[in-house]
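Those letters in the sequence shown? Residues 161 to 369, by the numbering used here. Step one of this worksheet: look at the structure below.
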Amino acid sequence: MAGPAPAAMRKKGDRELAIDWEDGHRSVYDVVELRRKCPCAKCVDEWSGKRLLDPVKIKATVRPVEIEPVGMYAIQIHWSDGHASGIYSFDFLRASCPCRSCGGPGALSIEPEELRRLLAGSETVVLLDVRTAAEHAAGRIPGARHADEKAARELEPTLPRESAVVFYCCPCDRPKQAAQWFRDRGITRTWYLAGGIDRWPGPLDKILP
Ligand SMILES: [Zn+2]
Ligand SMILES: [Zn+2]
């Protein structure tokens, strides 16, 4: 049985593609992730299903140049890096919907209450405080470790790609950039805390002098 087909498809912002499905669901894809997930025979071994494409080799600047319908079941995407052999079936697209209710990582940001639930769960969460060492010592979210940009870049290759990683800072753009940097390297379950530490609802740990 065929799954739902897209009712509408449009670009959203600089690097997102939104699909409104005929059953009312909406999927918002990061186009760079879509390029990395290209299902063509050059990118995925047809026999083993093993990914031949190294996701890190795909630049974060890649964009769709042209999207063509293929029959009644798929779209073909021509990419700015010259790759055009990827045929994305509607079933494949729907199954890779990144929204949280479909089991994906969802938006780049995480709300404080969601972070609290994540930290209370059984999974180990890599919680990275990108403020200054002094701010970190004065009061941090329990379980957080201090990581400046250099430390974060050194940590990234050591982490399993399925790790849960959360960055936080004051309400600034730095943790957002750090989270995008991690996602661009294939750690797709990376988020930044929306609103920064100011919105953290729980007590803070202090390192006593
Ligand atoms: Zn491909
Ligand atoms: Zn979804």
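Even glycine gets a Cβ: it sits at the ideal position worked out from N, Cα and C.
Simplified DSSP state of residue i, which is helix, strand or coil
i      : result
THR348 : coil
TRP181 : strand
HIS296 : helix
VAL290 : coil
ASP358 : helix
ARG223 : coil
PRO320 : coil
SER256 : coil
SER249 : strand
Within 9 Å, strictly: CB atoms of residue i and residue j
i      : j      : result
TYR328 : ALA304 : yes
PRO258 : LEU279 : no
SER240 : THR221 : yes
ILE247 : PRO215 : no
ALA162 : ASP180 : no
THR348 : PRO224 : no
PRO335 : ARG359 : no
LYS366 : ARG260 : no
ALA307 : LEU288 : yes
ILE270 : LEU353 : yes
ILE350 : LEU275 : Here residue 350 is Thr; the residue named in the question, Ile, does not match the sequence. The answer is no: Cβ separation not under 9 Å.
SER249 : TYR189 : no
Residues bridged to residue i [DSSP beta-bridge criterion]
i      : result
ALA168 : ASP180
ILE270 : LEU353
ASP190 : GLU176
GLU228 : GLN236
HIS103 : In this structure the chain extends from 161 to 369, so residue 103 is not present and cannot be described.
ASP365 : ARG300
**Message:** Would the segment 276–286 count as touching the segment 307–326 if we require 3 or more Cβ pairs under 8 Å?
**Reply:** yes
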